[in-house]
Amino acid sequence: MKLKSIFFWITFLMVHTFLLSSCQTAEKNDTKEESMKKLSLDEKVEALLSQMTLEEKVNMIHASSSFTSGGVERLGIPELTMSDGPHGVRHEHGRDWEKDSNVADSSTYLPVGTALAATWNPDLGYKFGTVLGSEAKFRGKDVILGPGLNIIRDPLNGRNFEYLTEDPYLNSRMVVGYIKGIQEQGVAACAKHYIANSLEYERQKVNVLMSDRAFREIYLPGFKAAVQEGKVLTIMSAYNKFRGVYCSHSGYLLDDVLKGELGFDGVVISDWNAVKNTMEAVTVGLDIEMGTDLTMFETGFDYGKFHMGDTVVTLVKNKVIDESLVDQKVRRILSVMHRIDKFDETKKQGAYNTKEHQQIAREIADEAIVLLKNEGVLPLKKENIKKISIVGANATHKHAGAGGSSQVKAFYEITPLAGLQNLLGDDVTIEHSQGYEIGKESKANQKLINEAVKSVKGADAAIYIGGGFHGFSDDWNDNSYDAEDHDKVNMMMPFDQDELLKAVLNANPNTIVVLMGGGPVDMRAWSKDAKAIVQAWYAGMEGGNALASVLFGETNPSGKLPMTFPAKLEDSPAHALAKYPDESLVIDHKEDIFVGYRYFDTYKVEPAFAFGHGLSYTTFEYKDLKVDKKDNVVTLSLEVINTGQRKGAEVVQVYVKDEESSLKRPEKELKAFKKVFLEAGDSTTIKIELKEDAFSYYDDTQKKWVLESGKYTIEVGSSSRDIRLIGEVEF
Ligand code: BGC
C-alpha cells in the first residue's frame, strides 16, 4: 500500500470515530422528550405502552368523567377530552354534568347539518370544520363529536337536523372537507353514529334490519369516505342493534367492515351508555366506552364500574381474555393522541368567537337557504316598503341552546327579526305579531290569529316566519320537534300553524312563507296559496342576517334540498313500504335502497319539492353536453350560462341511470355535482369525471360491486326532477 493511501485511511478512521462519538454524546445529552420525538409513531406508542400496568391500560378504555376517558398521570398521558358537536362546541359540563357557570364557554353557532348540506358546497364543509376544530382546540378539546352521518331516511326522525342528507354521494362529498378542516387544527373528528341510527325511537333497544345492498350502497358510503378520504381519527358506534347485535358489540361492523375492509386505524368510541355487556364489547373493535349511567347520579360516579372498567382487569387476571385485546385498544388511543399532537407542548392555540368564524357561519347560511317557490314576489324591494309585517314566533325565537347533545351556547344568535331590522334600519316600520305561541300545550289562538291577520292586511309586505323548533325536554312525546331522543309524531307544524297560515295568506296572498326546521313539513293546507316559500333550516348564529339578505335580494339564493320533501308522510318510503317501529322494536328497512328520491322517482310518487331543488333570482342555461369514455372513465363536459340579470350560483347535478340492469336499480342516482358561481351573462365549461363506481351496484349474492355491460343514461340537471341535458354511455 502506498504511503498516500495509508495516510488517507488513517485520516478517514479518525474523522469517522470523532463523528460517531459526538453523535453518541449528543444522544446522551438529549432530553427524554427529544429522543421521543425522533421515534416513529409506532415506536412512540410502544414506548409508552410497554411501561403501563394492566390497570393503567384499562383505565384508558373507559370514561373517567362525562366527557373524558382516562389518562395515566405517572407517565404523563393526559385524559382524552371530548365535546359535542356537531355544529358548535358545546358548553362545559364540569366533570360530572354539574354545569360550569363561571367559564367562558359560549361559541360560534354554525348552521346545522341539513343546512350545511343544502349548500352543496364541499369547500364550505371544510370551512365549517376549521371553525369547529379551531374552537374545540381553544377550549382544550381533543375530539369533537361530529359530523353526524346517518342517512335521512324518515322525515319523523327527531335528529335529522344534525345529519346531512338522504343521499350517500352528497353525504360523502360534504364530509371529507368537514373532517379535514377539523383535524388540520389538531383535533380529532368523530363520525357518528355508526351505523343506521336513523330514528330516535327506543334507540337503545331497536334492531335495524337491512339488506347488504342497502348497507353498502346507502348507509356505508358516508363512513367510507370519512375513513378513506377524510382520514377520520375517531368513529362513534351507534346505540341501536344492527342485525340483532348492538353496534358497539358488533365484530362484523367494527372489525370486519370498519377496521378490516375500510382500513380504519383510529379509535372507536361508544355512544354515551351504548355498551351493555363487558365480554361482547371488549372482545370486538370497540376502543373506548363512554357515557354516564343515570344511576350514577345516585350511586356516585365510579367509572371503574363501567363494562370496560375493573371487570376487564379481573378477566385478564383470570385468563378469560388476553391482555393483548386491551393493548390493541390502548395502542389506537395513544396513536390518535400523538396524531393530534397531544404530547406536543408547542401545539398552537385555537381561536374562539372570532369575526372570521362568524363570517364563515354567515357564508354557510347564505348558501344554505333554499328558495322553494317564487311566483314573482321575491326578492322584496326595500324602496317599495314603508311598513312590513312579520308574523310568527320563530321570528324572535333562538334555537341554539336546545335540541339535545348538539345544543350550543351561542356567542350570539341573530334571529330573523333582528336580521331584518339590521337590513332595513330605521327607514321601514317593522310590525311583529307572534301569531302562535311556542309553549307546551299551545294550540291555535284566535286572538293571536286576528292580530296577525290585521297586521298583514295593513302592510306593504308580509313575511311569515314559522316552522319547527327544538322542543322542551319535559314534553318529548306530544308534538313534532327537532330534538334528540325523540321522533316527531307527524309531519305537521307544531302549534296549529296551518290554521294561522291559512288565515294570513287569505288576508294577504303576497305573504312570504319562511320555514325553519330540520326537514320537511306537510304544507298541503296552504302551499297552493303561497306565492313564495323559503326553507331557512336552523341557520346558525348569522341565520337572521342571511335570511334578510336573501329575502331582499342582496344574496341570490343558491341552496338546494339535500333531501326530498314529501307532500305527506305516507308518501315517504319509510312509511309507504315499512312501518314506523312499534313494540316489536324492529326497524326493517323494507324500502331497501329506495331511500328518498330513489323511491320517489322510481315509483313515480310526486314529492312536494324534489331532492336537489332550489330556485334562484337568476336563470341558468345548460348546453352542449359531451360524453366521452376512455378506459372505463367517462368524462362529461357541458356549458352553463347565467342568462339572467344577477350574479348567482348553480349546482349542476349529474344523475346516472342503468338502462339494462339485471337487478332493479333506481330511476336515477346522483353521481357527481358541481357548484358554479357566475356573473350575469357569464358562462363556464364544466368537466366532470365519472369512474366505474358511478355505474356499479352492490350485488348481495356475489357480495361484491358489479359493473354490468350495457347502456347507461346520464342526466344533468338543476334538481333530480329538473333534468336539462341527457347523454348516453355504453360499457
Ligand atoms: C348522543 C351523541 C352525543 C353523546 C354525548 C349521545 O346521547 O347520541 O351524539 O355525542 O350523547 O353527548
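Each residue of the sequence shown is one higher than the one before, counting from 5 in the working numbering. Glycine included, every Cβ here is placed at the ideal spot set by N, Cα and C. Small disclaimer: the values here were computed from a predicted structure and weren't measured.
Residue i and residue j look like a contact to me (Cβ under 8 Å); what is the Cβ gap, rounded to whole Å?
i    : j    : result
A580 : E587 : Rounded, the Cβ-Cβ distance is 22 Å, inconsistent with contact.
A278 : M312 : With 8 Å as the limit, A278 and M312 do not qualify as a contact, their Cβ atoms being about 12 Å apart.
S410 : E166 : 5 Å
P561 : G618 : 7 Å
V62  : V316 : 5 Å
Closer than 7 Å by C-beta to residue i: which residues in its own chain qualify, once you throw out the five before and the five after it? Chain order, please.
i    : result
V288 : H253, S254, G255, L258, D259
P82  : G75, K346
D628 : L642, E643
K184 : Y130, G133, G234
Q189 : T134, G137, S138, K141, G354
E546 : Q362, A365, R366, A369, I418
Ignore the nearest five residues each way along the sequence and tell me which others in residue i's own chain have a CB closer than 8 Å to its CB.
i    : result
H401 : T419, I442, F473
L213 : R247, V590, I591, D592, H593
G405 : Q411, V412, K413, A414
F227 : L153, A195, Y198, I199, I239, L262, L266
H403 : E417, F473, H474, M520, Y542
Taking the alpha carbon of residue i as the point to measure from, which residue in the options has its own alpha carbon closest?
i    : options                : result
Q539 : G380, E371, F604       : E371
I222 : L427, K245, D632, Y198 : Y198
L128 : I156, L298, V179, M86  : V179
P225 : R207, G181, L174       : L174
C194 : M240, L329, V631, V517 : M240
E732 : L640, D491, G137, P566 : L640
D100 : E610, L84, D297        : D297
A465 : V525, E139, E387, G685 : E387
E139 : F604, H95, R177, G685  : H95
D348 : M40, A529, F699, T689  : M40
G308 : E293, N322, K321       : E293
D632 : D431, D491, K679, K695 : K695
A229 : G181, L428, W276       : G181
F310 : D331, R336, K280       : K280
V334 : I273, L376, T350, E360 : I273
Between which residues of its own chain and residue i is the CB-CB distance below 6 Å, once the five residues before and five after are set aside?
i    : result
G462 : none
S724 : Y601, A614, F615, G616
K263 : G289
Q28  : Its pLDDT being 48, under 50, Q28 is placed unreliably by the model, and nothing is read from it.
S576 : P159, P570
S25  : Because S25 sits at a pLDDT of 44, beneath the cut-off of 50, its placement in the model cannot be relied upon, and the point is left open.
M495 : P159, V525, D526, L573
S70  : H97, D100, W101, T296
S625 : Note that residue 625 corresponds to Glu in the displayed sequence, not to Ser. Contacts found: I645, T647.
F753 : The first residue shown for the chain is 5 and the last is 735, placing residue 753 beyond what the model contains.
T705 : none
For the alpha helix (DSSP H) holding residue i, just list the boundary residues, first then last.
i    : result
I368 : 359–372
Q657 : That residue, Q657, is in no alpha helix (DSSP H); its beta strand (DSSP E) goes 652–662.
D331 : 327–343
S110 : From DSSP, S110 is part of no alpha helix (DSSP H); its letter is neither H nor E.
N510 : 501–511
A285 : 282–286
K48  : 45–53
D592 : Careful: D592 lies outside any alpha helix (DSSP H), inside the beta strand (DSSP E) at 590–592.
D526 : Counting along the chain, D526 falls outside any alpha helix (DSSP H), and DSSP gives it neither H nor E.
L319 : 314–321
In terms of residue numbering, what span does the beta strand (DSSP E) encompassing residue i cover?
i    : result
H197 : 192–198
R157 : No beta strand (DSSP E) holds R157; DSSP gives it neither H nor E.
A1   : As displayed, the chain neither begins before 5 nor continues past 735, which places residue 1 out of reach and without an answer.
N646 : 637–646
E719 : 715–723
G226 : Where G226 is concerned, there is no enclosing beta strand (DSSP E), although the alpha helix (DSSP H) it sits in stretches over 225–232.
L84  : 84–87
Q539 : 536–539
T238 : 238–241
E673 : 673–682
F624 : 624–634
A465 : 465–471
D2   : Nothing about residue 2 can be read from this structure; the chain reaches only from 5 to 735.
A67  : 67–69
Stretch-stretch touch, CB-based, cutoff 8 Å, three pairs: the stretch 497–514 with the stretch 63–83: no
Counting Cβ pairs, one atom from each stretch, are 3 or more of them under 8 Å apart for the stretch 552–561 and the stretch 422–432? yes
Does the count of Cβ pairs from the stretch 113–124 and the stretch 152–171 closer than 8 Å reach three? yes
Check whether the stretch 51–61 touches the stretch 316–326, taking contact to mean three or more Cβ pairs, one atom from each stretch, closer than 8 Å. yes
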